[in-house]
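Structure first, commentary second.
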Amino acid sequence: MSLITLTTDFGLKDHFVGAVKGAIYSELSDAVIVDITHHISPFNISETAYVLKNAYKSFPEGSIHIIGVDSELNEETNHIALKLDNHYFICPNNGVISMIASEIRPEKIVEINIHDRIESSFPVLDVFVKVACHLKRGGTLEVIGKEIFDYKIITDIQPIISNNNSKITGSVIYIDNYGNVITNISKKLFEKIGKGREFELLADRYPFKKIHSKYSDIVNFAIPKEDRHLDGARLAIFNSAGYVEIALYRSNLDTVGGASSLLGLRYRDQLTITFKDVDSNS
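Under the working numbering, the first residue of the sequence shown carries the number 39, and numbering increases by one thereafter.
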């Protein structure tokens with residue numbers, strides 16, 4: 039069964055989410071709508087891309103994903119609909135799709151052209167909903183737009199490789215609910231560039247010599263629990279999405295704070311991973 043999902047920066051205080059769902063139900067009374075999130079930071083495309091990339095794969099093939107972040111139609115941003123990995127995405131062409139599309143090539147992309155019949159200051163409601171319902175009824179992409187072969191790419195989603203493949207410069211793309219800092223450096227890229235070499239990860243002024251597989255890797259379970267004193271200890275891990283994450287072990291946001299606040303790491307801040315040369319004696 040295909041579903042319609044919503045990912046927006048609308049929040050839940052205002053009428054926007056309710057209006058979008060109402061419009062879908064008005065066209066398809068038996069639709070199943072799932073909220074991925076409505077708490078994307080306002081206009082934050084990188085954050086949207088990260089959340090969507092790690093959520094959509096859990097839905098059935100054929101699902102239709104409406105993305106309402108920075109979606110106003112203007113001279114620099116058109117609207118697109120695409121089929122990718124047997125899912126449909128309806129979104130502004132502002133780079134939000136580039137994190138997914140960098141790994142999986144879209145099967146088809148169209149530039150939505152039904153704006154000729156609809157004037158709207160709320161395109162998610164007036165345009166994206168109509169496209170989603172058309173696709174849900176079994177309609178094709180060609181009916182709602184002309185095929186295109188390119189899409190905008192956000193450059194800050196891609197890390198930079200330098201120093202003859204000995205350095206990765208990445209950036210913070212997301213701060214999660216625990217205050218953990220997620221970067222755009224994937225485990226796949228780390229292993230491809232690192233080739234098993236020793237390294238130093240530098241996040242602001244904080245160095246890390248190891249990247250763990252899970253949070254509890256830093257615990258020595260042979261030590262009695264009352265003697266461990268690890269709460270708030272900083273660590274780097276490859277998170278469940280396969281990206282380098284800077285975290286504090288069992289941090290309490292109310293008393294201790296998270297990695298973002300305590301280490302002073304914010305969205306778009308840079309961090310580096312420098313690999314030792316295999317011939318280095320240092």
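Note that CB positions come from ideal geometry on N, CA and C, so glycine has one too.
- Nearest residue (CA-CA) to GLY217, options ASN151, LEU286, GLU110: LEU286
- Task: With DSSP collapsed to three states, give me the class of THR115.
- Result: coil
- From the DSSP output, read off the bridge partner residues of GLU238. THR312
- So VAL165 and HIS172 are in contact, right, with Cβ under 8 Å, and what is the actual spacing, rounded? That pair is no contact at about 11 Å.
- Query: How many whole angstroms separate the CB atoms of ALA274 and PHE246, which I take to be in contact at a CB cut-off of 8 Å?
  - Reply: 4 Å
- Task: Mark LYS252 as exposed unless 16 or more other C-beta atoms lie within 10 angstroms of its C-beta, in which case mark it buried.
- Result: exposed
- Item | Under 7 Å between C-beta atoms of ILE206 and PRO197 | yes
- Three-way DSSP call (helix, strand, coil) for ALA279 in this model: coil
- Query: Would a C-beta distance cut-off of 7 Å place ALA241 and LEU300 closer than the cut-off?
  - Reply: no
- Short check: CB of THR45 to CB of LEU90, under 7 Å? yes
- Cβ shell of PRO130 (< 7 Å), same chain only, five flanking positions each side left out: ASP108, SER109, THR115, HIS117
- Message: In whole angstroms, give me the CA-to-CA distance for GLY56 and ILE199.
- Response: 44 Å
- Hey, how far is the Cα of ASN258 from the Cα of ALA271? 13 Å
- Query: For GLY280, which residues from the same chain have a beta carbon less than 6 Å from its beta carbon, with the 5 sequence-adjacent residues on both sides left out?
  - Reply: SER224, LYS225
- Query: In this structure, does DSSP put TYR212 in helix, strand or coil?
  - Reply: strand
- Query: What is the rounded straight-line gap between the Cα of VAL148 and the Cα of ALA119?
  - Reply: 5 Å
- Enumerate in chain order the residues of its own chain whose CB-to-CB distance from THR43 is below 8 Å, with the five nearest sequence positions on each side excluded. ILE71, VAL72, ASP73, ILE74, ALA93, TYR94, PHE97, SER101, ILE102, HIS103, ILE104
- Would ASN215 pass as a contact of GLY183 if the rule is Cβ separation under 7 Å? no
- Given SER320, which residues of its chain have a CB within under 8 Å of its CB, disregarding the five upstream and five downstream residues? Note that SER320 scores 45 on pLDDT, short of 50, meaning its location in the model is unreliable; the coordinates nonetheless yield the value given after this. Closer than 8 Å at Cβ, skipping near neighbours: LYS314.
- Message: From the DSSP secondary-structure annotation, give me the bridge partner or partners of LYS146.
- Response: LYS121
- Query: Among ALA61, ASN277, GLY106, which one has its Cα closest to the Cα of GLY49?
  - Reply: GLY106
- CB-CB length for ILE195 against ILE211, believed under 8 Å: 7 Å
- For SER298 versus ILE213, is the C-beta spacing smaller than 7 Å? yes
- Item | Pick from ASN82, GLY302, GLU145 that is closest to ARG243, judged by C-alpha positions | GLY302
- Message: Just to confirm before moving on: does the CB-CB distance between ALA69 and MET137 stay below 7 Å?
- Response: no
- Message: Within a Cβ cutoff of 7 Å, which residues of the same chain sit near GLU145, ignoring the five residues on either side of it in sequence?
- Response: LYS121, LEU122
- Task: Kindly indicate the opening and closing residues of the beta strand (DSSP E) around GLY106.
- Result: 102-106
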